[in-house]
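Each remark here refers to the structure printed beneath this line.
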Amino acid sequence: MYETAGGAVRGRAPHQGVVSVLGIPYAEPPFGENRFRAPRPRAPWPGVRDCTEFGPVPPQSAELPGAPTWSPGDEDVLSLNVWTPATAPGPLPVLVWIHGGAYTFGSSAQPDFDGTALARTGLVVVTLNYRVGFEGFGQVPDDTGPPNRGLLDQIAAVEWVRDNIAAFGGDPDNVTLAGQSAGATSAVCLMVMDRAHGLFRRVIAHSAVGPVFAQELAERVTARVTAAAGTPVTGAAPQELLAASDRVVGDYREDPGSGALHWDPVIYGPVADGEVLRDDPLALVAAGASRDAELLVCHTTEEYWLMDAVGSACQVPTDERLRRFAADFGLPSGLIDGYRALMPGAGPHELHLAVYGDLMFGEYSSRLVEAHTAAGGRAFLSRFDRRGGGVRAWHCADVPFAFGNVDDERIRFLIGGAAPTPEDRALADRMTSAWAGFAATGDPGWGPGAGHGRVWGTPDRAAASGHWRDGDAVRALWDTYTYRPARS
Numbered sequence: 047m048y049e050t051a052g053g054a055v056r057g058r059a060p061h062q063g064v065v066s067v068l069g070i071p072y073a074e075p076p077f078g079e080n081r082f083r084a085p086r087p088r089a090p091w092p093g094v095r096d097c098t099e100f101g102p103v104p105p106q107s108a109e110l111p112g113a114p115t116w117s118p119g120d121e122d123v124l125s126l127n128v129w130t131p132a133t134a135p136g137p138l139p140v141l142v143w144i145h146g147g148a149y150t151f152g153s154s155a156q157p158d159f160d161g162t163a164l165a166r167t168g169l170v171v172v173t174l175n176y177r178v179g180f181e182g183f184g185q186v187p188d189d190t191g192p193p194n195r196g197l198l199d200q201i202a203a204v205e206w207v208r209d210n211i212a213a214f215g216g217d218p219d220n221v222t223l224a225g226q227s228a229g230a231t232s233a234v235c236l237m238v239m240d241r242a243h244g245l246f247r248r249v250i251a252h253s254a255v256g257p258v259f260a261q262e263l264a265e266r267v268t269a270r271v272t273a274a275a276g277t278p279v280t281g282a283a284p285q286e287l288l289a290a291s292d293r294v295v296g297d298y299r300e301d302p303g304s305g306a307l308h309w310d311p312v313i314y315g316p317v318a319d320g321e322v323l324r325d326d327p328l329a330l331v332a333a334g335a336s337r338d339a340e341l342l343v344c345h346t347t348e349e350y351w352l353m354d355a356v357g358s359a360c361q362v363p364t365d366e367r368l369r370r371f372a373a374d375f376g377l378p379s380g381l382i383d384g385y386r387a388l389m390p391g392a393g394p395h396e397l398h399l400a401v402y403g404d405l406m407f408g409e410y411s412s413r414l415v416e417a418h419t420a421a422g423g424r425a426f427l428s429r430f431d432r433r434g435g436g437v438r439a440w441h442c443a444d445v446p447f448a449f450g451n452v453d454d455e456r457i458r459f460l461i462g463g464a465a466p467t468p469e470d471r472a473l474a475d476r477m478t479s480a481w482a483g484f485a486a487t488g489d490p491g492w493g494p495g496a497g498h499g500r501v502w503g504t505p506d507r508a509a510a511s512g513h514w515r516d517g518d519a520v521r522a523l524w525d526t527y528t529y530r531p532a533r534s
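Under our numbering, the first residue of the sequence shown carries the number 47, and numbering increases by one thereafter.
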């Protein structure tokens with residue numbers, strides 16, 4: 047039994063030397079009078095709360111393998127989970143995980159986020175749910191609620207960690223915030239937000255995606271969702287907003303003239319509103335807003351191939367479509383031809399996947415390291431490059447390795463479909479050890495700075511100055527590109 051500010055909780059019996067305490071509420075349910083508001087502290091409960099199952103997931107229409115789905119009526123969705131060694135002496139370093147999912151879906155209950163293996167390295171591991179989709183990131187009138195509610199939920203969860211994690215053997219003064227994809231960018235947003243200052247020492251960002259939304263784009267999306275719902279968004283039921291959002295996504299996808307959102311209609315995300323989040327986090331990192339935090343960044347070599355495999359990528363069968371894609375994103379002149387020269391024999395669709403993955407994840411991730419280092423911070427770079435024999439180093443493939451969960455059959459698709467080899471398990475051990483070392487002391491096992499790095503594979507190798515499939519040649523193609531909050 048563990049005592050928290052909200053009351054006593056009881057978790058599962060130890061498994062592999064680790065106790066898991068699941069579904070602990072960290073805020074009041076964000077519905078009724080709390081809907082679209084900043085999260086409110088959880089009222090205490092009487093007695094001992096049984097925390098042996100994951101809490102309900104926030105409203106979303108996605109159905110993910112091995113994870114629960116949302117059902118109308120599920121309201122107690124702001125919960126977190128703790129894995130802690132049953133016998134290790136504390137206080138232990140704490141790792142807090144923010145899941146990804148395009149700011150629209152996902153939860154802490156996904157099987158690849160089980161914290162058992164990481165806790166066995168000597169960490170206390172926390173994973174959390176936060177509001178996604180319109181509930182968490184849709185723009186509402188000022189008198190209804192603040193922007194970036196999903197980020198505010200995440201801050202509330204880390205505040206809970208500060209106030210309660212000592213009861214689980216964790217050190218509230220040695221917290222690392224980690225995430226992947228939308229979760230990685232969320233973590234970097236918190237790294238530069240005044241409201242989160244002092245809550246953690248370090249950030250791990252795998253496949254951070256950029257940039258965030260400009261205010262006008264968020265407002266334009268709200269207008270389209272309102273029209274699709276046929277009613278003001280603040281009066282629509284969650285399931286009505288989900289259906290309306292899905293219709294808007296379909297409209298963007300079917301309209302080649304709709305700009306950048308045609309290519310990957312992720313219609314929600316953090317908004318550079320000038321107050322809760324003052325600017326795109328990359329710009330704030332470059333300005334030194336986070337120089338006191340240590341940063342560990344990773345991206346994969348073939349990020350966007352996952353989106354193609356699951357059917358969410360646009361088909362780009364012709365050079366004309368490829369040129370339209372480049373124009374919609376304002377890519378530098380000559381960039382497409384540069385990729386073509388570095389990828390002999392690649393057709394328009396393969397070039398599109400390579401460029402889009404680097405645009406959204408790879409280049410943005412590398413610039414975070416460069417910006418943080420230039421601003422006086424300490425940053426480390428790595429790249430996940432386990433591929434070959436039909437296996438792609440695509441988006442999300444690195445997560446089961448970093449969590450040490452490669453043997454879970456429910457996530458086998460992410461790592462290529464086949465059972466893991468002894469070499470794969472050894473790679474997972476190296477990656478969990480790097481996370482544990484960084485969370486404990488700020489040392490992942492290699493040197494800081496953009497000029498160093500680790501390439502994860504079987505076997506690993508060092509990365510000198512280039513972080514890409516062709517090193518500096520690809521980086522040079524992006525020299526003149528500038529990331530700004532997205533407006534279309």
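All residues carry an ideal CB built from backbone N, CA and C; glycine is no exception.
Three or more Cβ pairs closer than 8 Å define a contact, and the segment 468-476 falls short of that threshold against the segment 412-419. The way I'd put it, the segment 223-235 does touch the segment 249-258; three or more beta-carbon pairs between them come closer than 8 Å. When DSSP reads this structure, Arg500 sits in a beta bridge with Ser428, Ala508. Here Pro278 is exposed. Its C-beta has fewer than 16 other C-beta atoms within 10 Å.
At least 7 Å separates the beta-carbon of Ala290 from that of Ala264. Uninterrupted beta strand (DSSP E) stretches at least 3 residues long and entirely within the segment 376-431 occur at 424-430, given in chain order. Counting the other CB atoms within 10 Å of its CB gives Val128 a total of 16 or more, which places it among the buried residues. Following the DSSP letters along the chain, one finds Val140 inside the beta strand (DSSP E) bounded by residues 138-144. With contact defined as three or more Cβ pairs closer than 8 Å, the segment 293-305 and the segment 205-222 are not in contact. Residue environment analysis places Ala230 among the buried positions, since at least 16 neighbouring C-beta atoms fall within 10 angstroms of its C-beta. In the three-state reduction of the DSSP assignment, Gly53 falls in the strand class, which pools E and B.
The DSSP assignment places complete beta strand (DSSP E) segments of no fewer than 3 residues inside the segment 132-189 at 138-144, 170-174, in order along the chain. For the pair Glu348 and Trp206, the CB atoms are not nearer than the 7 Å cut-off. Annotated three-state conformation of Arg248 is strand, per DSSP. Inter-segment contact for the segment 399-408 and the segment 336-351 is present: three or more beta-carbon pairs are separated by less than 8 Å. Contact annotation: Phe82 and Ala155 have beta-carbon atoms that are not nearer than 7 Å. Here the alpha carbon of His61 sits roughly 36 Å from the alpha carbon of Arg241. Secondary structure at Tyr48: strand, using DSSP grouped into helix, strand and coil.
An exposed status is given to Pro363, since fewer than 16 other beta-carbon atoms sit within 10 Å of its beta-carbon.
Approximately 5 Å separates the beta-carbon atoms of Arg429 and Val501; this is inside 8 Å, confirming the contact.
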